[in-house]
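The structure under discussion appears below in the form of structure tokens.
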Amino acid sequence: MTTQKTIKSALISVFYKDGLEPIVKKLHQLGVQIYSTGGTQTFIENLKIPVTAVESLTAFPEILGGRVKTLHPTIFGGILGRRELQSDVTQMQQHKIPTIDLVVVDLYPFEETVAKGASEADIIEKIDIGGISLIRAAAKNFNDVLIVSSRNEYSLLLQKILIEQEGASTLHDRKMLATLAFNTSSHYDTAIFNYFNAGSTDTFFKQSIQHSQTLRYGENPHQQGVFYGNLDEVFEKLNGKELSYNNLLDVDAAVDLIEEFSETTFAILKHNNACGVASRPTLIEAWKEALAGDPVSAFGGVLICNTSVDEATATEVNKLFFEVIIAPAYHEKALEILKTKPNRIILIKKKKKNNPKTFRTLLNGVIAQDRDLKTETEKDLKPATLTTPNAQQTNDLLFANKLVKHTKSNTIVLAKNNQLLASGTGQTSRVDALKQAINKAQSFGFDLQGAVMASDAFFPFPDCVEIADKAGIKAVIQPGGSIKDKDSIAYCNQHQIAMVMTGVRHFKH
């Protein structure tokens with residue numbers, strides 16, 4: 001079997017014409033017979049290049065408003081016919097079916113049409129039938145046929161195969177492009193399925209992401225890592241090295257957290273948990289108070305804020321070694337200061353996350369769930385005790401509850417005056433989480449008198465509120481729901497502690 005094949009005939013039928021002209025001209029120069037349909041045929045004719053209409057091969061016109069163009073045995077026989085199999089060759093000669101060596105086709109813009117919010121009728125018309133069939137047929141017969149299924153492969157076709165190899169393709173070329181073609185077709189079908197399956201309770205899991213980025217390594221240097229997605233849609237990178245696997249985990253956690261706040265807020269994260277957060281009238285104040293929360297853990301962390309970074313704030317921030325900073329914008333002088341460290345990653349956050357689901361691989365499958373998009377407001381707070389929180393305590397409780405939602409369970413968060421004082425993170429016992437938070441806050445010189453406490457889940461016993469009381473905490477927010485809620489409530493009533501319940505648990509594992 002000859003592995004190198006010379007292109008003698010080509011079928012071209014594309015939605016997008018960008019970049020097509022030099023390919024068509026080179027095919028003509030090489031003496032390739034070109035077949036085409038509809039708008040592509042007109043495009044080629046306007047270039048004054050000979051082209052044969054598909055209808056002249058099939059003796060059948062386009063019908064149903066263009067829904068049926070290439071779906072015909074003459075076309076698919078010319079693509080699927082096996083050149084080395086004599087019975088196929090005999091049948092093709094018998095039915096006067098010409099061989100087709102190259103198929104250049106793309107698909108109707110289904111995803112783009114959905115993204116624009118088009119009507120269902122318009123969306124359905126953008127489900128490609130002929131194109132997807134041509135792609136699959138040509139990819140299946142990669143031994144004989146070269147398939148180009150996307151504009152992304154135009155440069156490869158033109159430079160390597162048509163120019164460098166003078167219109168000849170190797171088996172490696174054809175199999176590689178067939179692989180890309182099946183990626184194109186499977187992604188397209190997944191997008192269509194997910195459109196039809198939106199809102200369904202059926203237990204199907206299908207995801208397809210076309211962009212990927214190889215990372216330096218995974219969580220540890222001996223592990224390989226890849227990011228599937230297009231970071232350029234979310235961030236503009238202004239400086240620094242490439243984001244690592246661990247950077248991405250922290251950046252994701254940072255974005256989730258900062259989107260909770262409308263007031264000027266600065267946050268510092270380490271290992272997916274906030275170690276410093278503060279909301280203040282000015283950004284520099286927010287930075288100083290966030291850093292005060294844990295200046296030790298802040299070293300090497302990921303920083304994020306929700307307003308433009310000015311020169312004064314950048315000057316203070318620059319005193320700390322950190323990996324990544326994220327903001328919606330930077331003043332010119334601030335950027336000059338931050339760029340003094342060439343490896344420091346500086347990102348502009350362009351848009352909010354819009355993934356409604358989260359996924360995680362485990363065992364021999366994947367678990368999926370809705371993202372935790374619930375953020376409690378004052379109207380969600382249900383007083384459980386005789387003492388009720390004052391206005392400042394209410395603000396602090398809501399502030400702390402936002403943090404507890406984005407901290408690894410079991411967790412306790414202590415806050416005062418819209419500042420994170422300390423948190424106990426990822427503990428197997430809620431009591432241990434509370435003790436960790438108290439010890440940490442006290443080690444950095446915070447006075448816990450009048451502070452508030454937030455818990456990601458209910459208190460199974462009154463021990464946590466008792467420990468908190470003895471540390472000076474005077475207001476508590478928790479989901480409630482324990483069969484022993486009354487014991488914690490009774491302790492609070494006896495010691496004039498305000499407790500509110502939300503009815504919403506915020507576990508994060």
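Heads up, the sequence shown is in the numbering used here, so the first residue is 1 and it goes up one at a time.
C-beta: ideal position from N, C-alpha, C; glycine also.
Please read these numbers as outputs of a predicted model, since none were measured by experiment.
Per-residue burial, residue i [other beta carbons within 10 Å of its own, 16 or more giving buried]
i              : result
histidine 211  : exposed
leucine 414    : buried
threonine 340  : exposed
alanine 137    : buried
lysine 402     : buried
arginine 82    : exposed
leucine 386    : exposed
glycine 365    : exposed
asparagine 197 : exposed
aspartate 396  : buried
leucine 85     : exposed
proline 462    : buried
arginine 280   : buried
glutamine 93   : exposed
tyrosine 491   : buried
asparagine 343 : exposed
Identity of the residues DSSP links to residue i by a beta bridge
i              : result
arginine 360   : Ile367
methionine 453 : Leu414, Val476
lysine 237     : Leu347
tyrosine 228   : Ser212
valine 103     : Leu11, Ile147
glycine 276    : Ile268
serine 169     : Lys5
threonine 52   : Tyr35
glycine 424    : Ile412
valine 500     : Pro383, Ile477
Given residue i as reference, the closest of the options once Cα atoms are compared
i                 : options                        : result
asparagine 439    : Ile412, Gly39, Ala475          : Ile412
glycine 131       : Gly38, Gly276, Ala121          : Gly38
phenylalanine 299 : Cys275, Pro281, Leu248, Arg371 : Cys275
alanine 286       : Ile7, Leu303, Lys270           : Leu303
isoleucine 75     : Lys270, Val103, Pro389, Lys474 : Val103
proline 479       : Phe507, His495, Glu466         : Phe507
glutamate 323     : Asn364, Lys241, Val54          : Lys241
aspartate 432     : Val465, Phe444, Leu335         : Val465
alanine 384       : Phe110, Phe321, Asn306, Asp485 : Asp485
threonine 282     : Ala292, Ile79, Thr58, Thr307   : Thr307
isoleucine 44     : Gln29, Gln33, Glu21            : Glu21
leucine 421       : Thr428, Gln436, Asn410         : Gln436
tyrosine 154      : Thr179, Asp106, Tyr195         : Asp106
lysine 140        : Val226, Phe110, Ile79          : Ile79
glycine 293       : Ala178, Asn343, Ser423, Leu373 : Ser423
arginine 430      : Tyr330, Asn152, Ile467, Gln442 : Ile467
alanine 290       : Tyr188, Leu335, Gln419         : Gln419
Which of helix, strand or coil DSSP assigns to residue i
i             : result
alanine 198   : coil
tyrosine 108  : coil
tyrosine 35   : strand
proline 383   : strand
glutamine 419 : strand
threonine 282 : coil
serine 87     : helix
leucine 303   : strand
alanine 329   : coil
arginine 78   : The residue asked about is misnamed: residue 78 is glycine in this sequence, not arginine. In the structure shown, glycine 78 sits in a helix (DSSP, three-state: H, G or I).
alanine 118   : coil
valine 526    : The first residue shown for the chain is 1 and the last is 509, placing residue 526 beyond what the model contains.
valine 431    : helix
valine 309    : strand
glutamine 223 : coil
lysine 353    : coil
histidine 506 : coil
serine 262    : coil
serine 297    : coil
Cut-off 8 Å between Cβ atoms - residues of its own chain near residue i, not counting five sequence neighbours on either side
i              : result
glutamine 392  : Asn417
aspartate 122  : Thr113
aspartate 256  : Lys353, His406
lysine 351     : Glu233, Val234
isoleucine 163 : Lys26
threonine 428  : Asn410
Own chain residues within Cβ distance below 6 Å of residue i, not counting five before or after
i              : result
leucine 11     : Tyr35, Ile100, Val103
isoleucine 455 : Looking at the sequence shown, residue 455 is not isoleucine but serine. So the list reads Ile412, Gln478, once near-sequence residues are dropped.
isoleucine 348 : Glu236
arginine 174   : Phe142, Leu146
Contacting residues, own chain, Cβ-Cβ under 7 Å from residue i (five flanking each side not counted)
i              : result
serine 537     : Outside the displayed span of the chain (1 to 509) sits residue 537, for which this structure offers no information.
threonine 3    : Thr170, Leu171
isoleucine 284 : Ala312, Thr313, Glu316
serine 244     : Leu215, Arg216
Residue i beta carbon near the ligand GDP (any heavy atom closer than 7 Å)
i             : result
glutamate 336 : For the ligand GDP, the structure offers nothing, since it holds no ligand at all.
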